[in-house]
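See below for the structure under consideration.
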Amino acid sequence: NFPDLLTIQGKYQFRPELPFVPGKEGAGVVAAIGSGVTQVTVGDRVMVQVEYGSFAEQAVVPEHECYIMPDDMGFDQAAAIGIAFQTAYFALIDRAQVQAGETVLVTGASGSVGIAAMQLAKVFGCTVIAGLTSPSKEDVARKNGADHVIDLSGDNLKESVRDQVYALTDGHGVDVVIEIVGGETFAGALRAVKFRGRLVVVGFTSGIIPEMRINYVLLKNIAVTGVDRGQYRDRESQWMHRAQDEIFRYCVEGKVHMPVQAQFPLEDYIKAFDVIRNREIRGKVVLMIRNEG
57 NFPDLLTIQG KYQFRPELPF VPGKEGAGVV AAIGSGVTQV TVGDRVMVQV EYGSFAEQAV
117 VPEHECYIMP DDMGFDQAAA IGIAFQTAYF ALIDRAQVQA GETVLVTGAS GSVGIAAMQL
177 AKVFGCTVIA GLTSPSKEDV ARKNGADHVI DLSGDNLKES VRDQVYALTD GHGVDVVIEI
237 VGGETFAGAL RAVKFRGRLV VVGFTSGIIP EMRINYVLLK NIAVTGVDRG QYRDRESQWM
297 HRAQDEIFRY CVEGKVHMPV QAQFPLEDYI KAFDVIRNRE IRGKVVLMIR NEG
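Here the numbering used here is used: the first residue of the sequence shown is 57, the next is one more, and so on.
Dropping the structure here:
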């Protein structure tokens, strides 16, 4: 995950004390349980999520952060879908309250959260516009739900994003923006929101946290909000589990999946991070501890 890279660089909002083992999600088999644990048992195949510590052969995980995997799901897919799809799910369902028939713009669409947002938006009956920084990423976007593609690599994104979106929506703009990039992309995406539309801030992969003039929200009658998946995990654990059960169901039905671009053995973790650092990511990179068999 991009947040894993930020964490080891000391740039993430949560900064664990050194030394620490990175890794915010994974999948494996329950080897032991503590007293009072009732939701999982030894031998269960689980997807897990933690603030850090999953890049290891064994990890201690709170019960509420374990999710029983579908029987036919591989560990690589389970390790790849959790954070990305949960983030996209709560961004679309809770924060944006997306409706069938609406148009959704996803910036940073070739990353894991972007891919998850596009796939889920299609499941929810929406038209999807993918915002990309390179033409080489268009094929990934199209394969994962994009109906249209706009260019986020040009100059003056403040104007060009709006102009490209207006050209695709007969000048109306989009109902929902899932904004992952930040910087000038945010400014352009904000201008592309239609009357009574919603923009959900998911992250800042550009490294630039944007600022905005609040009167713009008033003048266009739009809502700007944000999503932090970790808050749902900590404050709304039951809701999180219901959401993940729904995501698992979509996976089993073949409606969503996370492309795994590459797998690396744990000892080659630097190579895995290089893929993320160099902006080569097209979905997820997975670290493998040992073969499933």
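Idealized CB from N, CA, C, for every residue including glycine.
Query: Own chain partners of L61 with C-beta closer than 7 Å, once the 5 adjacent residues on each side are dropped; Result: F329, I332, R333
Query: Close-in-space but distant-in-sequence residues of the same chain around I264 (CB under 6 Å, 5 per side omitted); Result: G238, G239
Query: For R101: DSSP bridge partner residues; Result: V85
Query: Simplified DSSP state of T189, which is helix, strand or coil; Result: coil
Query: First through last residue of the beta strand (DSSP E) which encompasses L74; Result: Careful: L74 lies outside any beta strand (DSSP E) and carries neither H nor E.
Query: Backbone CA spacing between D128 and D100 [nearest angstrom]; Result: 13 Å
Query: Continuous beta strand (DSSP E) stretch holding V205: start and end; Result: 204-207
Query: V93 beta carbon less than 7 Å from that of V86; Result: no
Query: CA nearest to the CA of A140, picked from P321, F304, F320, V221; Result: F304
Query: Beta-carbon proximity of L255 to V280, cut-off 7 Å; Result: yes
Query: Boundaries (first-last residue) of the beta strand (DSSP E) holding A318; Result: 316-321
Query: Pick from G167, E107, Q175, K80 that is closest to C307, judged by C-alpha positions; Result: Q175
Query: C-beta contact flag for A134 and M103 at 7 Å; Result: yes
Query: Neighbourhood of C122 by C-beta distance below 6 Å, restricted to the same chain and skipping five residues each side; Result: V96, V102, V104
Query: Local conformation of D330 per DSSP, three classes; Result: helix
Query: Alpha helix (DSSP H) segment containing F304, residue limits; Result: 293-308
Query: Cβ pair R247, R218 closer than 7 Å; Result: yes
Query: Beta-carbon gap between Q317 and M344 smaller than 7 Å; Result: no
Query: Contact under 7 Å by Cβ, L161 with V106; Result: no
Query: As assigned by DSSP and simplified to three states, the class of G138; Result: helix
Query: Assumed close pair S216, G253 - CB separation to whole angstroms, cut-off 8 Å; Result: Not quite, the Cβ-Cβ distance comes to about 19 Å (not below 8 Å), so this is no contact.
Query: Neighbourhood of I278 by C-beta, 6 Å cutoff - its chain only, sequence neighbours within 5 removed; Result: V249, G253
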